[in-house]
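Everything in the sequence shown is counted per the working numbering, starting at 12 for the first residue and increasing by one. In this text, a Cβ means the ideal position worked out from N, Cα and C, and glycines have one as well. Have a look at the structure below before the remarks.
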Amino acid sequence: MLGDYYVLKNVLTKEECQAVIDQYDPQCKTSRVGGADNMGRGKLKKNTRSSQNAWVIPDDLEKEGMLDVAIAVKKMVRTYLEVSRDIFRTPIDHLETPQFTKYEEQDHYQWHLDAGIDHSAFRDVSATMLLSQVDEDFTGGMLKFFPHPSSKHYFDRGDLIVFSSNYAHRVCRVTSGTRYSIVLWGGRHSPEKTTRNEDLTNNGSWGLAN
């Protein structure tokens, strides 16, 4: 039986995490809930989610000056694909555009599932890469999983936490500093290979991941 989540320690170095932060922090905009956010859809629901985010567009990683960021992101994605295949027994055929997230003081994300309807119906395995260090860069901001709301476990900078997209989780309120992370979602089936959600082909998805 699988555990609730699987953690890969030290997937990225401190320097790699900082390179990603430096690249995407200036691009952040207010986060939305629901819809294909990277197309400007979704709703502002501050009571549910208070944060900012940017999108890690694959083509941008090939541009001049992006080598350090590209190495870090591709290492993270490769590790996610391996864990999905080998630990969760879920080969990923479709990988959505990764989301860079920024939680400042008092920001949070209430209990939610990553899988749902529309584009999220294709999500099977999710992951979070923590880019900043608890108690150094921020306090609070714990990633918690249901039914363990009182868990005291903290994750460290460079850790990749992989879990089922149907597993309820939350990011607790940040009490000081800034918490940075990247979120990944993937699934066994590509929307392009089904009759559902036909307009997803234009929302910036990564398409085939392998």
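Separation of Tyr35 and Phe111 (C-alpha to C-alpha, rounded to the nearest whole angstrom) is 7 angstroms. The beta carbon of Leu72 sits closer than 8 angstroms to the beta carbons of Val80, Ala81, Val84, Lys85 from its chain, once the five residues preceding and following it are set aside; these are given in chain order. The bridge partners DSSP lists for Met140 are Leu171, Ile193. In the structure shown, Ser131 adopts helical secondary structure according to DSSP, grouped into three states. Collapsing the DSSP output to three states places Gln117 in coil.
In the three-state DSSP reduction, Arg96 falls in the helix class (H, G or I). Taking a C-beta distance under 8 angstroms as the contact criterion, Tyr114 and Thr189 qualify as a contact pair.
In this structure, DSSP gives Tyr165 a state outside helix and strand, which the three-state scheme calls coil. In the structure shown, the three-state DSSP call for Ala83 is helix. Of the candidates Lys40, Leu19, Asp15, Val44, Val44 places its Cα closest to the Cα of Gly127. DSSP, read as helix, strand or coil, puts Leu23 in coil.
Leu106 sits in a strand when the DSSP states are folded into three classes.
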